[in-house]
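First up is the structure itself, then whatever we jot down about it.
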Amino acid sequence: MGVNKKEIDTQSGSDTNFFDRVYEVVKLIPYGRVTSYGAIAKCLGAARSARMVGWAMNACGGREDIPAHRVVNRKGLLTGKHHFEGTNLMQQLLENEGVKVVDNQIIDFEGIFWDPMQEL
DNA sequence: GTTATGACCGTAA
DNA sequence: TTTACGGCCATAA
Numbered sequence: 031m032g033v034n035k036k037e038i039d040t041q042s043g044s045d046t047n048f049f050d051r052v053y054e055v056v057k058l059i060p061y062g063r064v065t066s067y068g069a070i071a072k073c074l075g076a077a078r079s080a081r082m083v084g085w086a087m088n089a090c091g092g093r094e095d096i097p098a099h100r101v102v103n104r105k106g107l108l109t110g111k112h113h114f115e116g117t118n119l120m121q122q123l124l125e126n127e128g129v130k131v132v133d134n135q136i137i138d139f140e141g142i143f144w145d146p147m148q149e150l
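Just so we're aligned, residue 31 is where the first sequence starts under our numbering, counting upward by one.
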């Protein structure tokens, strides 16, 4: 039995599970902490695929297990809040965890920033 | 198979 | 300083 199918991917180990990887990292985000798409992407080995991380979030719509509200862009801005229900749901969730958010921007972002690579 | 989009990031003007 | 554009990877149509 050889590897018929399509010879694995051009790269070793990355079975279209890119999304699942992002989900796992996001789910690993501790309470009261936040991270950025680039940090997650970098942790996955694709720092240049930060957009894919956000894309994965878009597909996460419906996965409550994934605290996407803890994922923000490099500036600590809630760029994805538009994808949440309502208008301030994401902000409410963050404030609920003790994260101060003003004008869609996280206060002391660098202070509560959680780097996945730092833990992993 | 190609085209277009995307919750980004980084650099240039 | 701010603003604008391109790149880069992956998914969906």
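Note that the Cβ used here is the ideal one computed from N, Cα and C, for glycine as well.
Residue environment, ILE38, which counts as buried when at least 16 other CB atoms sit within 10 Å: The residue you call residue 38 lines up with position 8 of the first sequence. Because the pLDDT at ILE38 is just 37, under 50, the model does not fix this residue reliably, and the point stays unresolved.
ASN88 versus GLU115: straight-line alpha-carbon distance, rounded: Along the first sequence, read from residue 1 onward, the residue named residue 88 stands at position 58. Along the first sequence, read from residue 1 onward, the residue named residue 115 stands at position 85. Approximately 13 Å, taken between the alpha carbons.
Where GLN121 falls, given that 16 or more other Cβ within 10 Å makes a residue buried: Counting from one through the first sequence, the residue named residue 121 turns up at place 91. Within 10 angstroms of the beta-carbon of GLN121 lie 16 or more other beta-carbons, which makes it buried.
Beta-carbon proximity list for LEU58, same chain, < 8 Å, skipping 5 on both sides: Along the first sequence, read from residue 1 onward, the residue named residue 58 stands at position 28. For LEU58, the CB contacts under 8 Å within the same chain, skipping 5 residues up- and downstream, are PRO146, GLU149 and LEU150 in chain order.
Continuous alpha helix (DSSP H) stretch holding ASN126: start and end: On the first sequence, residue 126 is found 96 positions in, with the first residue counted as 1. Element bounds for ASN126: 119 to 126.
Endpoints, the alpha helix (DSSP H) within which TYR61 is located: Taking the first sequence and counting its residues from 1, the one referred to as residue 61 is at position 31. For TYR61, there is no enclosing alpha helix (DSSP H), as DSSP marks it with neither H nor E.
Continuous alpha helix (DSSP H) stretch holding VAL129: start and end: Here residue 129 refers to the residue found at position 99 when the first sequence is read from its first residue. Neither: VAL129 is in no alpha helix (DSSP H) and is coded neither H nor E.
Distance between ASN103 and GLU140 (C-alpha atoms, nearest Å): Here residue 140 refers to the residue found at position 110 of the first sequence. Here residue 103 refers to the residue found at position 73 of the first sequence. Distance between the alpha carbons of GLU140 and ASN103: 12 Å.
Residue interval of the alpha helix (DSSP H) (run including ASP91): Translated into positions along the first sequence, residue 91 becomes position 61. According to the sequence shown, residue 91 is Gly rather than Asp. Judged by DSSP secondary structure, GLY91 falls outside any alpha helix (DSSP H); it is assigned neither H nor E.
Contact set for ARG93: own chain, Cβ-Cβ below 8 Å, skip 5 residues either direction: To locate residue 93, count along the first sequence from 1; it is residue 63. Result list for ARG93: TYR53, in chain order.
PHE114 - DSSP class collapsed to helix/strand/coil: If you number the first sequence from 1, residue 114 lands on position 84. Coil.
Contact under 8 Å by Cβ, VAL64 with ILE136: What you label residue 64 is simply residue 34 of the first sequence in a count that begins at 1. What you label residue 136 is simply residue 106 of the first sequence in a count that begins at 1. Contact flag set, yes.
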